[in-house]
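Heads up: the structure comes next, in C-alpha cells.
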Amino acid sequence: MDMSGQYRIEAPRDVVWMALNDPEVLKKCIPGCKELVQKSPTELAAKVSLKIGPISANFSGAVTLQNLDPPAGYTIAGQGTGGAAGFAKGSAEVALAEVEGGEATDLNYTAKAEVGGKLAALGGRLIQATSKKLADEFFAAFAKEVNGPGPEDATAPKKDEDKKSRWAKWLGR
Numbered sequence: 145m146d147m148s149g150q151y152r153i154e155a156p157r158d159v160v161w162m163a164l165n166d167p168e169v170l171k172k173c174i175p176g177c178k179e180l181v182q183k184s185p186t187e188l189a190a191k192v193s194l195k196i197g198p199i200s201a202n203f204s205g206a207v208t209l210q211n212l213d214p215p216a217g218y219t220i221a222g223q224g225t226g227g228a229a230g231f232a233k234g235s236a237e238v239a240l241a242e243v244e245g246g247e248a249t250d251l252n253y254t255a256k257a258e259v260g261g262k263l264a265a266l267g268g269r270l271i272q273a274t275s276k277k278l279a280d281e282f283f284a285a286f287a288k289e290v291n292g293p294g295p296e297d298a299t300a301p302k303k304d305e306d307k308k309s310r311w312a313k314w315l316g317r
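Heads up: take any position in the sequence shown, counting from 1, add 144, and you land on my numbering.
Structure (C-alpha cells):
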C-alpha cells in the first residue's frame, strides 16, 4: 500500500527538523503511542496501541532514521508486531521545504506499508483509510506541538514574539 501527503507547518524548517527528531515530540504526536525510547541517534523503540476496524492490538517495534539530510529530510523505516493481530512494516520519505521566506515549512511524505496476519484480512480499503486517518492525526498533533495552540484555542499566543520564542526552544537559542 502506498500513500503520500503534504502538510504546511507554520514554523521555520530548522524548527520542524528538530521536532521531527525529538522523541518526546514524536511520542506526543503518534496516535496510540505508549512508549518511544531513543536507542541511538538513528534508532528508536516503540510501543503503540491501535484499533484498526474490529482489531485492537499492542504493537512493539523498531524505527530507524536513514538517508539523513538535515534539515531537508530523511527516510523513516519501521516494523512492529502485534501478536495475534499480525505485523506491520513500512517506510516513508520525508522532505522539508522552506516557504513564506522561511517562516513556514512544507512537509511532504511518500510512504509504503505492508501488513500481515489478521490485519491483512481486513482488506486494503480499511487499512488505507485507517492509515490516512492516523497520518492526519499525527500531523495535526505535530503542527500543534510545533506551533503551539491554534487561534481557536483560548490559550493561543497573542503575539508573533510568543511564537518565535517557542521556535527558539527547538533551536536551543
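Ideal Cβ placement from N, Cα and C applies to all residues, glycine included.
Owing to the predicted nature of the structure, the values given are computational and were not obtained by experimental measurement.
Residue burial classification, residue i (beta-carbon count within 10 angstroms, cutoff 16)
i, result
"VAL159", "buried"
"GLY245", "exposed"
"LYS303", "Interpretation of LYS303 is limited by its pLDDT of 48, a score under 50 that renders its predicted location unreliable; no figure is taken from the coordinates."
"GLY227", "exposed"
"ARG152", "exposed"
Nearest-angstrom Cβ-Cβ length linking residue i and residue j, presumed shorter than 8 Å
i, j, result
"ALA241", "THR249", "7 Å"
"GLY217", "VAL238", "5 Å"
"ASN145", "ALA257", "According to the sequence displayed, residue 145 carries Met and not Asn. With 8 Å as the limit, MET145 and ALA257 qualify as a contact, their Cβ atoms being about 5 Å apart."
Residue i versus residue j - alpha carbon distance
i, j, result
"GLY260", "PHE231", "5 Å"
"LYS318", "GLY205", "Look at the range of the chain in this structure, 145 to 317, and you will see that residue 318 is not part of it."
"ALA221", "LEU180", "15 Å"
"ALA273", "GLY267", "10 Å"
"THR186", "LEU270", "31 Å"
"ILE174", "SER148", "17 Å"
"LYS172", "ASP280", "14 Å"
"ASP297", "ALA284", "Caution is warranted here: a pLDDT of 46 is assigned to ASP297, below 50, making its placement in the model unreliable, and the coordinate value is therefore given only provisionally. Their Cα atoms are separated by approximately 14 Å."
"GLU247", "ALA155", "5 Å"
"GLN150", "ASN252", "4 Å"
Member of the options whose CA lies at the smallest distance from the CA of residue i
i, options, result
"GLY176", "PHE283, LYS195 and GLY224", "LYS195"
"SER275", "LYS233, LYS288, VAL290 and VAL243", "LYS233"
"ALA264", "GLY197, VAL207 and GLU289", "GLY197"
"PRO214", "ASN165, LEU188, ALA190 and SER200", "ASN165"
"ALA236", "VAL243, THR208 and LYS262", "THR208"
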